[in-house]
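To start, the structure itself, in structure tokens.
Residue numbers (this note's numbering), protein chains in the order written: chain A, 1 to 239; chain B, 1001 to 1746.
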């Protein structure tokens, strides 16, 4: 199973995702340069966090025109798994692969801390290993995470169970309906503001991020025991 | 040349004469500009150089000391840590957001210049009281600028300090520290070696921004300060991020001979310093510099401080390799000249030579001054405290609440939650602890880093204040389990041409030299910022110590918060002052509760400090401690409260302690007095015997204070019978402490 991690100019969580996938989860991971137009052979694509193109103009607004995004779009239309984390989520919105838009946090400041999110839909390829209603503790780090969708779209999201994660307790950015993650109608493209790659090892203060990657692995066809207390590698390529 | 020409550039008569004499002719206008920036205080350390030479700079782990873009320390396993701190004080006084942002950018490039990947940032900040609107503006802008720039780079901002004092109202301080990690054998130096090698400028275009920024930094602020806004550069963090990645690839490519940052004094300083360090010359053509605007003169090009530029000295014949890597990252690169053997820095504009001066003369031979030093008169007034002046307190709990609410002691979460402190997934002790800890992936090793410096203590006793700053910084990294190994310092003072300011400076250097020598933490680099003075009002003398500690095994780190009900609480170090009033001088308690800035801060016993730190490290290494927290501002009671407040990883929890101190009259001094060499630790009760033996072995006083548990902080005193002094709900104390800064901003 091959995970591809896209590097846009200004991505800065690319190596964190790569480390979590490869060194912690024991998966095969490769970087994909933003100028690549061919991403065949991957089982899942991660659009990592950071500040692609400096977030100049608007977060994700320039990155969506990168050559690789055409390939990602094609990959997604073909049913491939695409996970956008933070800036990756913003890019997916700008690219129209997910509904809605992102505004500045309502506090008008950047926010970095752990948040609690509630799993609203545990039937997706990204949350299949979670139980419904499970509370995950995952860090956020963003200035534009105030998700918005107009009422009609919001109704549709609710009707189709496209709201995957909601902030639990306090909402750090003012997002509509406490939304932290949404998935497309087809169920193979998800965007989430929290950073699962930042909490896959006990030494970092949490391991709940593994649930997301483990779910993707399981969906793609691997089955590995999920033990949040497990440190280091929890799977190997040969199995 | 007319005197007003060179005077207006900040040169002194003696300096102009030296230029004429050395060149054997009058300088051209461009040359004069180049001298004025490189011979500014900011670049040349004219007033400080002599004393800085007295600091210890050697140590078994020091690979590169002062003189390069940053210092380098051996981490072991073939790895090295690069570290440097720098000030950006004047810019934030004028334009806080961009001033702070470009401060981050500059120090990050210093780390890149050594070939390292920047992996952590810390900021030591000083502002005026938040009650004043302008101070709130500068505070908000500075924090916003650090966040805006640092977050975009993907370098975690993991720590630092923030203090608020009237003395910084007109002259706020912004000191930024950056740490990098590199494989030892890849370290680069800022040297233009090898005749014929290419001099390549990469990164941003050159514009008219920031011309004479370093001259601006070398004079007092005044009425016309607002007019200096054009001296401030504007940051472009996206380009800096690309520059980081490109520079790392350049280092790996083997095409690079040397690299240097282009910060203060731009092309002039980077070329002159790189040539001088290598004993070579450089010849450039300003017509080859990619410009941001038309019609720029050679003078403007040479002095521009446009950000996000680096100077690369590339091996002859490998210029295309450099260009290919820059192209990949979408960065401009332009060969602007070559390395020569004649030691001259020659600047052409196409065919015409516009400047031709010896590189060494520019970079290394600025005049050195030995200013007059005189003990300031104010010390006669405030340097002594009679304990009788301080009325004893009635309600200890109310004092504790006042202290927890003062912005100096209150939680800085309002600040650090705006910084991405987790990116790169190496931060294993998050902000809020005594020091930040970072792991190095692929190794068991890690390092701890913190900044410390108490300006009020240095104002009242500069020598002792400097010793305290070094001791506290070292103690802080010990508290997380790291062995202190090296210091980078940022020395913030007023106008050194005033004898009183220079006296403060010389006292601070003396104290710092003594403490660094004793604690085995040599100074590997740093920065001096003078002229932090407006209309005759100088800042407190504020040396900021950046301390690096090395951790052999990151699975054995320690944090300040209490962990488990039933654990015992111990005090390492003295419990009561040697004589009444000795721990009151300069304390936060005196300032916040009694509105007094007076007395001599408690002196550090460096022998005891050293023994205490050795004991801490041994105890943490053996896994005997559950928590460790330095007692500093606010004394024992505040430190105990902080231990109860929890962390992202641990819930808050109560504590109950009894102080048995027969013969001590002043309870306020017991609770809130400030003294060095004191640490609160907690441990499993079954480890008490081992800790006691360890304390005896290291000859460190150890007192059993009480137990962790419950939801209150209880502090009682045993005087025959036991009397409760403080009985407060932890949750209430924590909410005061946590919300204090935000409350002041509303």
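Cβ coordinates follow ideal geometry from the N, Cα and C atoms, glycine included.
Burial state of residue i (16 or more Cβ within 10 Å)
i, result
"residue 1031/B", "buried"
"residue 108/A", "exposed"
"residue 123/A", "exposed"
"residue 1378/B", "exposed"
"residue 1563/B", "buried"
"residue 33/A", "exposed"
"residue 1600/B", "buried"
"residue 1434/B", "buried"
Alpha-carbon to alpha-carbon, residue j and residue i
i, j, result
"residue 49/A", "residue 180/A", "15 Å"
"residue 1707/B", "residue 1684/B", "10 Å"
"residue 70/A", "residue 37/A", "7 Å"
"residue 1347/B", "residue 1353/B", "6 Å"
"residue 1192/B", "residue 1363/B", "13 Å"
"residue 1495/B", "residue 1502/B", "8 Å"
"residue 1091/B", "residue 1099/B", "4 Å"
"residue 1078/B", "residue 1068/B", "21 Å"
"residue 208/A", "residue 128/A", "13 Å"
"residue 73/A", "residue 1646/B", "45 Å"
"residue 1142/B", "residue 1011/B", "31 Å"
"residue 1382/B", "residue 1519/B", "30 Å"
"residue 1608/B", "residue 1576/B", "15 Å"
"residue 1083/B", "residue 1664/B", "44 Å"
"residue 23/A", "residue 1658/B", "49 Å"
"residue 103/A", "residue 5/A", "25 Å"
"residue 966/B", "residue 1513/B", "The structure shown does not extend to residue 966/B, since chain B is modelled only from 1001 through 1746, so no value can be given for it."
Proximal chain A residues relative to residue i, where beta-carbon distance stays under 9 Å
i, result
"residue 1203/B", "By Cβ distance, chain A contributes nothing, its closest Cβ being about 14 Å from residue 1203/B, past 9 Å."
Cβ neighbours of residue i in the same chain (closer than 7 Å, five flanking residues each side left out)
i, result
"residue 1196/B", "1316, 1338, 1339"
"residue 1044/B", "1038, 1366"
"residue 1019/B", "1027, 1035"
"residue 1287/B", "1349, 1350"
Residues near residue i in its chain [Cβ-Cβ closer than 8 Å; skip 5 each side]
i, result
"residue 1403/B", "1409, 1588, 1589, 1592, 1593, 1634, 1637, 1638, 1672"
"residue 1080/B", "1063, 1072, 1073, 1074, 1116, 1181, 1182, 1183, 1184, 1187"
"residue 56/A", "62"
"residue 1154/B", "1241, 1420, 1423, 1424"
"residue 1376/B", "1500, 1503, 1504"
Contacts of residue i in chain A (Cβ-Cβ under 7 Å)
i, result
"residue 1649/B", "205"
"residue 1151/B", "110"
"residue 1447/B", "Near residue 1447/B there are no residues of chain A at all, since even the closest Cβ is about 15 Å away, more than 7 Å."
"residue 1147/B", "110"
"residue 1741/B", "Residues of chain A passing the Cβ test: none, with the nearest at roughly 13 Å."
Residue i: contacting residues in chain B (beta-carbon distance under 7 Å)
i, result
"residue 112/A", "1417, 1419, 1420, 1421, 1422"
"residue 50/A", "1154"
"residue 56/A", "1238"
"residue 34/A", "By Cβ distance, chain B contributes nothing, its closest Cβ being about 10 Å from residue 34/A, past 7 Å."
Supposed contact pair residue j and residue i - C-beta distance, whole angstroms, cut 8 Å
i, j, result
"residue 1400/B", "residue 1726/B", "6 Å"
"residue 970/B", "residue 1445/B", "With chain B represented from 1001 up to 1746, any question about residue 970/B goes unanswered, as that position is not in the structure."
"residue 1173/B", "residue 1546/B", "Contact flag wrong, Cβ pair sits at about 14 Å."
"residue 190/A", "residue 83/A", "6 Å"
"residue 1345/B", "residue 1282/B", "6 Å"
"residue 46/A", "residue 88/A", "7 Å"
Close beta carbons around residue i, own chain, < 6 Å, minus the five adjacent residues each side
i, result
"residue 1405/B", "1736, 1740"
"residue 1549/B", "1448, 1477, 1482, 1483, 1484"
"residue 161/A", "121"
"residue 1509/B", "1051"
"residue 1003/B", "none"
"residue 44/A", "3, 81, 216"
Residue i: contacting residues in chain B (beta-carbon distance under 8 Å)
i, result
"residue 16/A", "1423, 1424, 1425"
"residue 139/A", "1422"
"residue 121/A", "Per Cβ cutoff of 8 Å: no residues; residue 121/A is ~26 Å from chain B at best."
"residue 197/A", "1425"
Chain-ordered chain A contacts of residue i [CB-CB under 8 Å]
i, result
"residue 1439/B", "203"
Listed by chain order, chain B residues near residue i by CB distance under 9 Å
i, result
"residue 173/A", "Going along chain B, no residue has its Cβ under 9 Å from residue 173/A, so there is no contact; the nearest lies around 12 Å."
"residue 9/A", "1238, 1241, 1242, 1245, 1329, 1330"
"residue 12/A", "1151, 1152, 1153, 1154, 1155, 1241, 1420, 1423, 1424"
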